[in-house]
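Everything below concerns the one structure shown next.
Chains as they are written, first to last, in this note's numbering: chain V, 158 to 648; chain G, 158 to 648.
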């Protein structure tokens, strides 16, 4: 089974698609650009949702639900927003089907045309700020800290499972505040929540920074992002947090009576991560044998595979396996005992490697006799013998070690793939030979940014918030630069 | 605050709308027929989701996600299904907006017309069975036990918050089986899961039964349902579970190689409950002072309100309140200490009554001196004095009692509102004077069913699975009947 996927070195892009298919994560549907998230893939997404949802609630946010449809006129209310989003989207124009008079089947009823077309939400700022207008009158109504888990649709021409699909699942936080400072603090708080989640759950180190003017969210004053690196040296934006200023409050006339009794527009933020994180998770860690899932996101932490010949052996092994399973479950771990008699152990090994189950325990008759079993970790493929009586105390330690070890490996890779560059020639050379992130000086103009993008396909992923703060000269124009910015070719 | 809603006796329908608004559960959006589920309402829905999701997983189901859009041709594949669902729905015909050439704003780009229109899913049988065709080859791939949490859209002409909205949230289970028996067992298992959930979480007793031919799900062989009664004597369908036979398997050509090596079509089920349950919850239990939420679905179990004059009193009360809160939280209860100094105790009392918090603890200086506090339960409005040191052991007992008591009250009401009737005159009289469920004999024909519906507005809610099994004569035609069936006017 393990050999059924293309090797990364041979074709990274095909490796990714093969893995997504073979690990049963997702597949393309017959609906153009829309994916089906299969049960195993969805169970990882559920783990992500649970982790994030708790972090949102711990920082004072609550969930709510707003309509799927955005009236066309709403989109037009914020000038930059409409430029960015009123493009490729799904448009509902009619509300009824009928039987064709010629008996050829069902057809759209031309009499059921909507007066105003509805857009399937590409993001919900407009719908939500339209509600906030009714909810906010006074500073006492602030802050409003709301998150929504939802599906959104952006009509993408070229799609790739998880990374870019016409419909995707995400969460979108939308908050309203009394002061600019509070809204800015919220924007950075949520950026940090995302970075913590990426690092501590996904085992993915990320750079935090600010987007340039040309890359920011349409309607935002500032967009912040976290950027990760994939094994092929390309960057992937993993989450964004926007300081909206008073833009949407002004567009939707959301004013509040302040502590001084005066009316002012509310300050806003929005922030989101999506099923794209599934793509990041896969591409950051996995290998030619399949998925590698950090334990904190693994639907199954431990799989136990029995090896036996006789019924008696099977019964003895099963007794021990069930006890180990029970003991570990009581400690909060998810354990599967795979006692299928339709498949051989080798097949099962390959299957769980493909699915990225962090720890595999093999139990055979000799193991029972010696009181020790073979424990294999998925990330390094290392195998070790572990005493039966120590399993329940040692497996949690091992899982913790795997979580850290996956992160450390990803961190080392990112460090290795982050290059300081001081000339445009070196800039291009590094991109073409090594790839990864390039930290270089930039003169701050959109003109230079565009030139670099056109000539090298590298974009400014962000203006980092930490590190690389020394001044210098733009690698293209030689003009002064306040700090290095982070370039990369990106997904 | 409590007086701000219409009394049930005065106008039940307005009472409902007032309550939904004042308890901050939901509101109409500016998008026709679509609601906004507000944070407090959503937190109750999250409790419902958690309870149901666990029950689904405990019975072997897994979650997945399928596309929002259904190609028009998919709907047409199952003959009854298309009759039922290819009607009022949201139809996506275009995929791009553009700036109008006359500068009047954005418009639908006529060049971006879809070759085949996409329907926003009214239910997902067609999309899901189209996937199952790829997933099922052999009996080894069965059963397939999948659930999806999703939004769906049905273009409703008259909408009412939670009860009937154009977009609503729901879960839809879709399973595939090797034999008719397995699929039938699954259908009934999920019906029982729904009934358990209604009774044990929502404290709502329900009748379980089968729908008549004219009321069954388009595409099903048999539809089963749970039916509850609201305080105004009208019935509300709370959940449905469908035995699909081989209908969708045949429509989408889903065949499997059986144990005998022969190809056969797969047997299917589907089952769902929606945000409509929120409407049922509200209408079954609440009173003229607001919402009553059974503890198992309450986002906040206990609210503590301090009563004080001096800072010193406030500090002493706060110390005790925080300890009680901490102790109860450690036992798994959700506790809010409302120490806002912007609102008076009376205002807070009314607010938490409106929101249906099951238990309120009031702590004042004299309570601290006497070592006992006032504990008020929301359902009966009874107040009792409880010793401080017994709070942590007694509040859980009280919550359990409230849960049972709300159920018992609803059960007694349902029993009182279920009438056996043996003549059509009595049938009409009971409906007009008392309302509720009427158990009467019916001759089994659609003709009689339609006549009764036209003349009395009562429909057959279900053919009950339990009780009332004695034979008799149809109240309308006098023809023989195998058992009484359940009639009511319904939402």
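All residues carry an ideal CB built from backbone N, CA and C; glycine is no exception.
Local conformation of residue i per DSSP, three classes
{"i": "residue 238 of chain G", "result": "helix"}
{"i": "residue 553 of chain V", "result": "helix"}
{"i": "residue 641 of chain G", "result": "strand"}
{"i": "residue 159 of chain G", "result": "In this prediction, residue 159 of chain G scores a pLDDT of 44, lower than 50, which makes its location untrustworthy; the coordinate-derived value is nonetheless stated afterwards. If DSSP states are grouped into helix, strand and coil, residue 159 of chain G belongs with the helices."}
{"i": "residue 258 of chain G", "result": "coil"}
{"i": "residue 177 of chain V", "result": "helix"}
{"i": "residue 593 of chain G", "result": "coil"}
{"i": "residue 620 of chain G", "result": "strand"}
{"i": "residue 166 of chain V", "result": "coil"}
{"i": "residue 272 of chain V", "result": "strand"}
{"i": "residue 295 of chain G", "result": "strand"}
{"i": "residue 503 of chain V", "result": "helix"}
{"i": "residue 190 of chain V", "result": "coil"}
{"i": "residue 197 of chain V", "result": "helix"}
{"i": "residue 317 of chain V", "result": "strand"}
{"i": "residue 509 of chain G", "result": "helix"}
{"i": "residue 634 of chain V", "result": "coil"}
{"i": "residue 222 of chain G", "result": "strand"}
{"i": "residue 301 of chain V", "result": "strand"}
{"i": "residue 289 of chain G", "result": "helix"}
{"i": "residue 250 of chain V", "result": "strand"}
{"i": "residue 217 of chain V", "result": "coil"}
Beta-carbon proximity check, residue i vs residue j, cutoff 8 Å
{"i": "residue 610 of chain G", "j": "residue 616 of chain G", "result": "yes"}
{"i": "residue 571 of chain V", "j": "residue 386 of chain V", "result": "yes"}
{"i": "residue 400 of chain V", "j": "residue 369 of chain V", "result": "no"}
{"i": "residue 193 of chain V", "j": "residue 249 of chain G", "result": "no"}
{"i": "residue 233 of chain G", "j": "residue 263 of chain V", "result": "yes"}
{"i": "residue 658 of chain G", "j": "residue 517 of chain G", "result": "In the structure as shown, chain G begins at 158 and stops at 648. Residue 658 of chain G is therefore absent and cannot be evaluated."}
{"i": "residue 334 of chain V", "j": "residue 343 of chain V", "result": "yes"}
{"i": "residue 301 of chain G", "j": "residue 452 of chain G", "result": "no"}
{"i": "residue 575 of chain V", "j": "residue 600 of chain V", "result": "no"}
{"i": "residue 336 of chain V", "j": "residue 428 of chain V", "result": "no"}
{"i": "residue 346 of chain G", "j": "residue 329 of chain G", "result": "no"}
{"i": "residue 406 of chain G", "j": "residue 296 of chain G", "result": "no"}
{"i": "residue 585 of chain V", "j": "residue 390 of chain V", "result": "no"}
{"i": "residue 240 of chain G", "j": "residue 404 of chain G", "result": "no"}
{"i": "residue 525 of chain G", "j": "residue 596 of chain G", "result": "no"}
{"i": "residue 448 of chain G", "j": "residue 359 of chain G", "result": "no"}
Residue i burial status per 10 Å Cβ neighbour count (16 or more: buried)
{"i": "residue 614 of chain V", "result": "exposed"}
{"i": "residue 628 of chain V", "result": "exposed"}
{"i": "residue 195 of chain G", "result": "buried"}
{"i": "residue 456 of chain G", "result": "buried"}
{"i": "residue 569 of chain V", "result": "exposed"}
{"i": "residue 504 of chain G", "result": "exposed"}
{"i": "residue 468 of chain V", "result": "exposed"}
{"i": "residue 498 of chain V", "result": "exposed"}
{"i": "residue 589 of chain G", "result": "exposed"}
Please name the residues in the stretch 174-197 of chain G whose beta-carbon is closer than 7 Å to at least one beta-carbon of chain V, in chain order.
The stretch 174-197 of chain G vs chain V, Cβ under 7 Å: 186, 187, 188, 191, 193, 194, 195 and 196.
Return the chain-ordered ranges of every alpha helix (DSSP H) run that is complete within the stretch 514-590 of chain G and spans a minimum of 4 residues.
522-527, 548-573 and 581-590
For the stretch 242-259 of chain V, list every residue whose C-beta sits within 7 Å of some C-beta in chain G, in sequence order.
243, 244, 245, 246, 247, 248, 249, 250, 251, 252, 253 and 254
Starting from the N-terminal side, write out each stretch of the beta strand (DSSP E) that is 3 residues or longer and does not extend beyond the stretch 432-487 of chain G.
Entirely contained in the stretch 432-487 of chain G, the beta strand (DSSP E) runs reaching 3 residues are, in chain order, 459-463.
In chain order, what residues of the stretch 262-274 of chain V put their CB closer than 7 Å to some CB of chain G?
So the list reads 262, 263, 265 and 274, given in the order they occur along the chain.
Residues, ordered as in the chain, of the stretch 315-326 of chain V that lie near chain G by beta-carbon distance below 8 Å
Hits within the stretch, in order: 324 and 326.
Give, in chain order, every residue of the stretch 294-313 of chain V whose Cβ lies closer than 8 Å to some Cβ of chain G.
297, 303, 307, 308, 310 and 312
Go through the stretch 366-431 of chain G residue by residue and report every complete run of the beta strand (DSSP E) that reaches 3 residues or more, in order.
379-386, 392-402, 412-414, 420-422 and 424-431
Using Cβ-Cβ distances below 7 Å, what residues of the stretch 214-230 of chain V are close to chain G?
219, 220, 221, 222, 223, 224, 225, 226, 228 and 229
Which whole runs of the alpha helix (DSSP H) in the stretch 321-361 of chain V are 4 residues long or more, in chain order?
Complete alpha helix (DSSP H) runs here, min 4: 337-357.
With 8 Å as the C-beta to C-beta threshold (strictly closer), list the residues of the stretch 281-292 of chain V near chain G in chain order.
284, 287, 288 and 291
At a CB distance below 9 Å, what residues from the stretch 523-552 of chain G approach chain V? Give them in sequence order.
none
Please name the residues in the stretch 201-214 of chain G whose beta-carbon is closer than 7 Å to at least one beta-carbon of chain V, in chain order.
203
What are the residues of the stretch 394-419 of chain G that lie near chain V, defined by any Cβ-Cβ distance shorter than 8 Å?
none
Closer than 9 Å, Cβ to any Cβ of chain G: which residues of the stretch 463-474 of chain V, in chain order?
none
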